[in-house]
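As structure tokens, the structure follows; a few thoughts come after it.
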Amino acid sequence: MNYYLIAIINSNQSFIYSFAGYLPVGLVVKVPLRSVIKDGIVISQTKKPTAYKTKDILSVTEYYIDKKEFQIAQFIASYYFCDLPQSLSIFVPCKGGAKEFKLQNKINKPMLTKAQVRALKGLKHSPISLLFGVTGSGKTEVYISYIYEILMQNKTALVLMPEISLTPQIEKRLQNFFGDIVGVWHSKLTKAQKRKFLQKLNEGKIGLVVGARSALFLPLQNLGLIVVDEEHDDSYKSSQKPRYHARDMAIYKANLLKIPIVLASATPSLSSYVKFHTVKLSSSYIQTQKSYQFIKGDEFDEYLLHKLLANKENQSIIFIPTRGNFKYLKCTSCGKFIKCPFCSVGMSLHRKKNAMVCHYCHFTQPIPQRCPNCQELSLISKRMGTAEVMRRLEPYRQINAKQFDTDTISTNKKLKALLESFESGETNVLVGTQMLSKGHDYPNVTLSIILGIDFLLSQADYRAREKTMGLFLQIAGRCGRNKNATVITQTANKDFFLRYKDDYEAFLQDEIEFRKQLYPPFKTLAKLLFSDKDAKKAEDRMEAVVEKLQKVDVEIVGYGANLIEKIANRYRYNILLRADSKQQMLNVIAMVQDGGFEVDMDCIHFD
């Protein structure tokens, strides 16, 4: 009898089971766990345990995690400090006997300009390249041409997008060139859609996959190229275990497979700009004029309404960083905000639901008439949101506006319908949050209105300037693709935006000076996360680890309660660490890891 350590899929547990025959590492098996039959993955062969009696493996499946994918899972578990069963659970196993992709039908490639041809050649000079092109410069056509060359070699390709809101447009463009060998993968697909996709993949009928970060862990045979579009986007970083960064894991996978990878963005992250070979596209494919206006204020006012109405023959987009009608309700008598009882954050006002909603734990309560703290009738709304702008546009029939945020776009079907409505011209105004900036191509937009961007600039985050400037340029870049356009930005920081509006690379060069000696990519950051329903227990665990860290070679940048101290009735504390190298950070954390905290390696969120 042989004994095997089996990782239970979709858990953090592994157990030893017995089986008469030999089982290779990575094989998917069926095992009993209490009264339920679970899928498990063979981690290793091991000795018979003496402390307890093992159960038998019930059956062996035809699915497996291949050696390279298993190696990636091991790296994720060690680097991001999670259990191997957790990292293995994000992989989709390969089916035994799956066919390799073979190109059967004719495919097409874009016609490139001279600048784009030079860019394509430049990408081939390094296994890792950053395609840095201004909005509208034709980055997509360049990497589509690269994909064409890979497919012609009967190899497969993978295009990662930061969010599913991007996939309908890029899917359509890719299908125009490559037909039905394009497959889409993301979390909003139904089980039936996922089964159909995997069946086609295993039959060798999919040569190009486009999807969100989970697509990185699909069993693509003979992979020849990875493209990470909008590589700067924070959505690539998982906020729960395993807390991996999909861009970084795509680079790791490409290195492991010895294949090229392209990172593409109009506003690349400073990290990628500093680290990797850069290929630039400096001018838009279609030359148009864009004027910029900077105004003061903090809400959608009569001036902006007038500008919107004057642009009714064309299309407009309105960016605002807040969902709902208003971010907060505040009492003018006592100065208190209406807070979630389970989270230390203000609740957002949603008029359509007639409710206050917590955007962290989703707790909902009726809109109060009186302040819960002082009982006065003196509640006022603060920080306008998308729903409130929509409400103010309702009386104007010449405007057909649609809301573009996670409150309204809850399914892939709704997303496609909204984008088709805007593309056809039926909708002439989009009002949305950061989803507006995610690389969509809106050829007829001639007015971009940007509200509330100073709030992002003032956040307690060493990347606040980078994220704000990137967002500003991305939203500004959504207009003026085919026609002259205007960008109106509500800000008290006019000089900051004026300085870099036409030269993001100059911003990156200045940001390098700010980051040196302090922040990534020149230093490594990690957060140790402590949470408990009892605040004292969480704080005590944190203090005990701080005491250990003070005796080792690492810089403690700070520690204490999180900016948002409580979420879902759990109190949150953290320690922020800085080290000269990743290996130094990994060694230090391994020394103090006692199972009482989570690790956010290469952390990018500070709330």
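The number in the working numbering is simply the position in the sequence shown, starting from 1, with 11 added.
In this text, a Cβ means the ideal position worked out from N, Cα and C, and glycines have one as well.
Computed from a predicted model, the values in this text were never measured in an experiment.
State the DSSP-derived secondary structure class of Tyr-584, mapped to helix, strand or coil. Residue state, collapsed to three classes: strand.
Are the CB atoms of Asn-439 and Lys-318 nearer to each other than 8 Å? Contact annotation: Asn-439 and Lys-318 have beta-carbon atoms that are not nearer than 8 Å.
Does the stretch 478 to 488 come within contact of the stretch 510 to 521, defined as at least 3 CB pairs closer than 8 Å? Yes, the stretch 478 to 488 touches the stretch 510 to 521.
In this structure, does DSSP put Val-400 in helix, strand or coil? Correct three-state label for Val-400: helix.
Restricting to Cα atoms, I'd like to know which of Val-563, Ser-459, Pro-35, Asp-94 is closest to Gln-501. The closest CA to that of Gln-501, considering only Val-563, Ser-459, Pro-35, Asp-94, is found on Ser-459.
With distances taken between CB atoms, is the gap from Glu-387 to Ser-432 smaller than 8 Å? 8 Å or more divides the Cβ of Glu-387 from the Cβ of Ser-432.
If I'm right that Thr-289 touches Leu-141 with Cβ under 8 Å, what's the distance once you round it to whole angstroms? Right, their Cβ atoms sit about 5 Å apart.
Using the beta-carbon count (16 or more within 10 Å), is Ile-278 buried or exposed? Here residue 278 is Thr; the residue named in the question, Ile, does not match the sequence. Thr-278 comes out buried.
Across which residues does DSSP place Asn-13 in a beta bridge pair? DSSP, once it has assigned bridges, lists Phe-30 as partnering Asn-13.
Would you say Phe-228 and Val-103 are within 8 Å of each other, going by their C-beta atoms? Yes, the Cβ-Cβ distance between Phe-228 and Val-103 is below 8 Å.
What is the rounded straight-line gap between the Cα of Ile-118 and the Cα of Ile-192? Roughly 10 Å between the two C-alpha positions.
Proximity of Leu-560 and Phe-608 at Cβ, strictly below 8 Å: Leu-560 places its beta carbon 8 Å or farther from that of Phe-608.
To the nearest angstrom, how far is it from the Cα of Thr-72 to the Cα of Lys-350? Straight-line Cα distance between these residues: approximately 51 Å.
On the criterion of 16 or more Cβ atoms from any shown chain inside 10 Å, does Phe-525 qualify as buried, or is it exposed? Exposed is the call here.
Ala-31 classed as buried or exposed, judged by whether at least 16 other C-beta atoms fall within 10 angstroms: A residue is called buried once 16 or more other Cβ atoms fall within 10 Å of its Cβ, and Ala-31, having fewer, is exposed.
How close, in whole Å, do the beta carbons of Tyr-339 and Phe-353 come, if the pair is a contact with beta carbons under 8 Å? Contact between Tyr-339 and Phe-353 fails: their C-beta atoms lie close to 17 Å from each other, not under 8 Å.
Roughly how far, in whole angstroms, is the beta-carbon of Ala-168 from the beta-carbon of Val-153, given that I think they are within contact range, below 8 Å? Going by Cβ atoms, the distance from Ala-168 to Val-153 rounds to 14 Å, so no, they are not a contact pair.
In terms of residue numbering, what span does the alpha helix (DSSP H) encompassing Tyr-247 cover? That residue, Tyr-247, is in no alpha helix (DSSP H); it is neither H nor E in DSSP.
Apart from the five residues on each side of it in sequence, which residues of its chain come closer than 8 Å, Cβ to Cβ, to Pro-454? Apart from the 5 residues on each side of it in sequence, Pro-454 sits with its Cβ closer than 8 Å to the Cβ of Arg-492, Asn-493 in its chain, given in chain order.
Tell me the residue span of the alpha helix (DSSP H) that contains Val-153. It spans 150 to 163 - the alpha helix (DSSP H) in which Val-153 sits, taken as one unbroken run.
Compare the C-alpha of Leu-360 against each of Glu-434, Ala-398, Cys-385, Gln-326 and name the closest. Nearest option by C-alpha distance: Ala-398.
If you compare alpha carbons, which of Lys-547, Val-603, Ile-586 is closest to Lys-562? Nearest C-alpha to Lys-562: Val-603.
What residues match up with Pro-43 in a beta bridge as DSSP calls it? Beta-bridge pairing links Pro-43 to Ile-48.
Cβ neighbour criterion (16 or more within 10 Å) applied to Cys-385: Cys-385 is classed as exposed because its beta carbon has fewer than 16 other beta carbons within 10 Å across all chains shown.
Measuring CA to CA, which of Ser-98, Val-368, Val-145, Ile-272 is closest to Gln-251? Closest by alpha carbon: Ser-98.
Are there 16 or more other CB atoms within 10 angstroms of the CB of Asp-67, so buried, or fewer, so exposed? When all chains shown are included, Asp-67 counts as exposed.
Could you please give me the residues that DSSP links to Thr-502 through a beta bridge? None, per the DSSP bridge assignment.
Roughly how many angstroms lie between the CA atoms of Thr-417 and Gln-445, to the nearest whole one? Their backbone Cα atoms lie some 10 Å apart in a straight line.
Using the Cα positions of Phe-92 and Ala-601, report the straight-line distance between them to the nearest angstrom. C-alpha separation (whole angstroms): 9 Å.
If you draw a straight line from the alpha carbon of Phe-287 to that of Thr-299, how long is it in whole angstroms? Taking the straight line joining both Cα atoms gives about 31 Å.
Curious, which full-length alpha helix (DSSP H) runs of at least 4 residues does the stretch 91 to 127 contain? The stretch 91 to 127 contains these whole alpha helix (DSSP H) runs: 95 to 99.
State yes or no: is the C-beta of Gly-443 within less than 8 Å of the C-beta of Phe-330? One thing to note: Gly-443 has its Cβ within 8 Å of the Cβ of Phe-330.
Beta carbon of Thr-422 nearer than 8 Å to that of Lys-199: Cβ distance < 8 Å, so Thr-422 and Lys-199 count as in contact.
With a 10 Å radius around its C-beta and 16 neighbouring C-beta atoms as the bar for buried, classify Ala-203 as buried or exposed. Exposed is the label assigned to Ala-203, since fewer than 16 other Cβ atoms lie within 10 Å of its Cβ.
Does His-136 pass the burial test, meaning 16 or more other C-beta atoms within 10 Å, or should it be called exposed? Per the 10 Å Cβ criterion, exposed.
How about the stretch 581 to 597 and the stretch 543 to 553: do they share at least three Cβ pairs that are nearer than 8 Å? Three or more beta-carbon pairs drawn from the stretch 581 to 597 and the stretch 543 to 553 are found closer than 8 Å, and the two stretches are therefore classed as touching.
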